[in-house]
Structure formats: C-alpha cells, structure tokens
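In the numbering used here, the protein residues as written are 41 to 530.
Heads up, the beta-carbon is just placed ideally off N, CA and C, and yes, glycines get one too.
So this is what it looks like as structure tokens:
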C-alpha cells in the first residue's frame, strides 16, 4: 500500500477559494487540531480561511451546540498569525466547505510530524499557530482568581488529568473487547493514576489540582478525594472547590474545558496520558508558549509502578515514542558564551530507526536547538551516516567526512551531501567537520561524540576528527561552532 504523506492527507479541493468547515462536534482539543489542519491546508494550497464556529460538546449525551469563534478565541491574534504567514481570514464570503473530520485527521498527522522538531521549530508554522490561538477566558477575572489561588496562594505544583470520565471509560471498555495493541493504555482508575504519581512526584504532589469533566465522573469527587487521602496521603483540589456554583454555571462546558486546559499548561508539573489530545496539546503548548523544552510533563499510561517523563513535545501517542529521549535533543556538553548561534541542519541515519533530523531554527541569533543527534548510552542504535548544512538565510561553505566501519576515512563532502551508508548495518566510527572560505580564518568546528560502550565523551577540533581510540561505533554526535582561540589559550 502506498504511503500517504501528512500534507497529502489535507489535500482534496482544487482552486484558491476561501475554505472553512461547519462546526465539528468534538471535544475542545480535537477541534483545535481540526482548525490547525484547516490553516495548514490553506497555507500550503494558497487559500484564504473562513473561521469556523466552535462546538460546545457535551460528552455525557454526545450532543453539541454552536458558538462563534470570536466568543472563544481572539480573532485579532489569529489574524496577526495569518498576516505573518501571508494568509488572509475572510469574514463572510461563499465557502468551499472542507470536511471537518478531514481537517482533524490531517491536522493531527501534520502536528505529529512537525512538533517533534522541538526547539528548532519554535518559529515555524505549527508553534506560531498554537501560540497565537489565544483563549478569551484567560482574561476573565474568575480565571485569574482561580490561577492565582492554585499556583500562588496554595502553591500547588502538580496538575493532574484524571481521564476517568464515563465517556472515556466507554472507549476503554470498547478497546478492551477488541484486539487493539493499545487497549491497555486507556483503562486507568484514579487509584492507578495517583499511585503512580505518588511514586514519581511525591515531593511536588502533596497537593494536586485536578482537571476533568466533574459532572461526568463515575463516582463523586468527594469519594475520590477521601480515598486519595486515606491511601496515598495526597490532597486533591478541584475547580469546584474554589469557584462558586453560580460562577461555574455561568460558563459553558467549552469554557470549563478551556479553563482546565489553561491550568494544565500553567502547571509546573503535569500528569496526563499520551492517548489524550488534551495531554498532548498541553505539553506542546506549554513548550511553544515558554520556548522551554524542559517542561515537566509526565504520562501514566506506561508500564511500571511510576510515571514516565515525556520527551516528544506532545507530538506522539505511542508510549515508546513519547518517552524516546532522541526527540529531546539534549546537548552532549553545556553551552558556552562563545558558541555561535548559526541556523544549521544535521540529518543522521540511525540503525533500526532510519533518518532523524535536528534543525536549530532559521532565525540567526534567535532561539535555537543544539546541533546534536543521538543519546549517550543508547547502544541499541548507532549512527551509520549523516549530512550537515546551514539553513537559509545563513550561507557558509562547510566540509565533513566520516570514519567508516572499516576504520578508513571517507572523502570530504560539502554542504548537505550524505556521508556514510544506508541499510548496510555499518556504524561509522567518527566524524570530522571544517569550515571553508573566509569564516574558516576566524571560526572552527568542535566535534563532540559518544561511542557505544564508552562511558566518557570525546571532544576534538573539527578538522582533526572525533573518534574513539578503541574504534567503537558512534551513537551520538554534536557540533559546535566557536571563534578560534590563540594557541596559548588552548
């Protein structure tokens, strides 16, 4: 069967007419994914956009009513985003109606692809879109009072999604009766969740702020609260403990969902599950808004007694990918003030995995990732080849080569060319990098590497080459560009 790319999923209508879709009867975050899919399609195909209504979805009876986009999110902010990317939002033209489900599926797929870029994607389409999707409710005095009470007065550090509502349990039961490979990742009781939280976050979870659909719980919140105190010594606080009944009733179900989501994004620690679009987007939006990859988000749909930390920026659902440190792109060595912030792209071919790319961002001097691929100590995968280039508008000449499986050095290759092998299960044993032209008079590459079975990193001047004396396979690599030091300072 031919593989369909994420962009192809979103195609389907010819022409450049304004596009939109009728409201979509889904929960908050699935509607946001559909909206992202609509904008991404319009951006790639040159359409203008008609903002769809949002749906106030009631999961208890699977019904919904409509509300205008402007009542939910800032139109000015999303217009600002559209203008920045050369797009136009139209108010009342005829619409070429796309399929909202089509946009949801496409948007989910595209975000799963783009979000894993991490820090290198902070200034790109996906991060900017969700950063500019600004909910009106966060300006409401009641929300401000709630956030202040939880995070400043009560000093609560952990927000937990108890995805145990009746509608979710129905999905879990349906999966349990199937042959699905993921059926065990849905059916967690509140005691399962809080037991794992106690094991992993005991020092920051004495008090936990709970986000869920309180009116759709299988048991009362008081029963949950009492059982949690008795069994784990943890205190749960719900929004209904802080807000009055009149205040809660003044908000729609959609408003309450947004309040829960915004509290999750603001929490210093968050516990959720990777099969929930709420948890995934909370992770992604916490990252996009702060620009900090070190958000403390954890998932409970994992094996073992405790939680698992996620490293995927909210992009994935599969627990093996969610917890894969490869996506995190942690530097092998600390950053120094001398390091050059140059937009670059490092593409590595890993054994068992295939191609993996790190981009540092396309804004010279702006926020950036590190030019790094691989995880020290992960001996299951090794590097079989790589390519390196600068990202426009940066334009420098660079050469690099690899120490091959037979311990000979390859020829030097230039910007963007691949060196190494693919599909031969032959790990390279080292690499070398050098600048060319005038920049080479002032700057040099520093190569840092981790090798299979070796406890310490090896660092070398780029042109000299970075390799292990014992010729072990390369498992992680980093390149840093710095001004050349005088001999007496080396």
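- Here residue 504 carries a coil assignment [DSSP, helix/strand/coil].
- Taking residue 430 as the centre and dropping the five residues before and after it, the same chain places the C-beta of 382, 383, 384, 385, 436, 438, 455 closer than 8 Å to its C-beta, in chain order.
- When Cβ pairs closer than 8 Å are counted between the two stretches, the region 198-209 is seen not to touch the region 172-189, the count staying below three.
- A contact is defined here as three or more CB-CB pairs under 8 Å, and the region 257-275 fails this definition with respect to the region 344-355.
- Taking C-alpha positions only, residue 327 is separated from residue 165 by approximately 14 Å.
- Here residue 270 is exposed: its Cβ has fewer than 16 other Cβ atoms, across all protein chains shown, within 10 Å.
- Our two residues, residue 363 and residue 338, have alpha carbons roughly 9 Å apart in a direct line.
- Per the DSSP secondary-structure output, residue 426 pairs in a beta bridge with 388, 459.
- For residue 98, the enclosing beta strand (DSSP E) stretches over residues 94-98.
- Assignment of beta-bridge partners to residue 439 by DSSP yields 454, 474.
- Rounded to whole angstroms, the separation of the alpha carbons of residue 427 and residue 97 is 48 Å.
- If you look at residue 177, you'll find it isn't in any alpha helix (DSSP H); DSSP assigns it neither H nor E.
- In this structure, residue 111 sits away from residue 174, with a CB-CB distance that is not shorter than 8 Å.
- The beta carbon of residue 497 lies closer than 8 Å to those of 372, 373, 416, 488, 489, 490 in the same chain, with the five residues before and after it left out.
- Assigned with DSSP and collapsed to three states, residue 448 falls in coil, not helix or strand.
- Put simply, the backbone Cα of residue 404 is about 12 Å away from that of residue 163.
- Per the DSSP secondary-structure output, residue 142 pairs with nothing in a beta bridge.
- Note that the region 239-248 does not touch the region 209-221; fewer than 3 beta-carbon pairs, one per stretch, sit closer than 8 Å.
- Rounded to the nearest angstrom, the gap between the Cα atoms of residue 392 and residue 424 is 10 Å.
- Looking only at 505, 334, 530, 249, the smallest Cα-Cα distance to residue 194 is reached by 249.
- For residue 489, the enclosing beta strand (DSSP E) starts and ends at 483-491.
- Counting C-beta atoms within 10 angstroms of its own C-beta, residue 188 has fewer than 16 neighbours from the protein chains shown and is therefore classed as exposed.
- Inter-segment contact for the region 505-512 and the region 394-402 is absent: fewer than three beta-carbon pairs are separated by less than 8 Å.
- The distance from the Cβ of residue 419 to that of residue 469 is about 15 Å, inconsistent with a contact at the 8 Å cut-off.
- Taken through DSSP and simplified to helix, strand or coil, residue 213 comes out as helix.
- Rounded to whole angstroms, the gap between the alpha carbons of residue 482 and residue 122 is 41 Å.
- According to the DSSP assignment, residue 269 belongs to the alpha helix (DSSP H) that extends over 261-272.
- For residue 515, the enclosing beta strand (DSSP E) covers residues 514-523.
- Shown here, residue 409 sits in coil according to DSSP, grouped into three states, outside any helix or strand.
- In the displayed model, residue 161 falls within a helix according to three-state DSSP.
- Annotated as proximal: residue 236 and residue 347, with beta-carbon spacing under 8 Å.
- No Cβ-Cβ contact shorter than 8 Å links residue 179 with residue 231.
- Residue 221 and residue 334 have their alpha carbons spaced roughly 30 Å apart.
- Judged by beta-carbon spacing, residue 471 lies within the 8 Å limit of residue 517, meaning their Cβ atoms are closer than that value.
- In the structure shown, residue 113 adopts extended strand secondary structure according to DSSP, grouped into three states.
- For residue 330, the enclosing alpha helix (DSSP H) has its first and last residue at 317-330.
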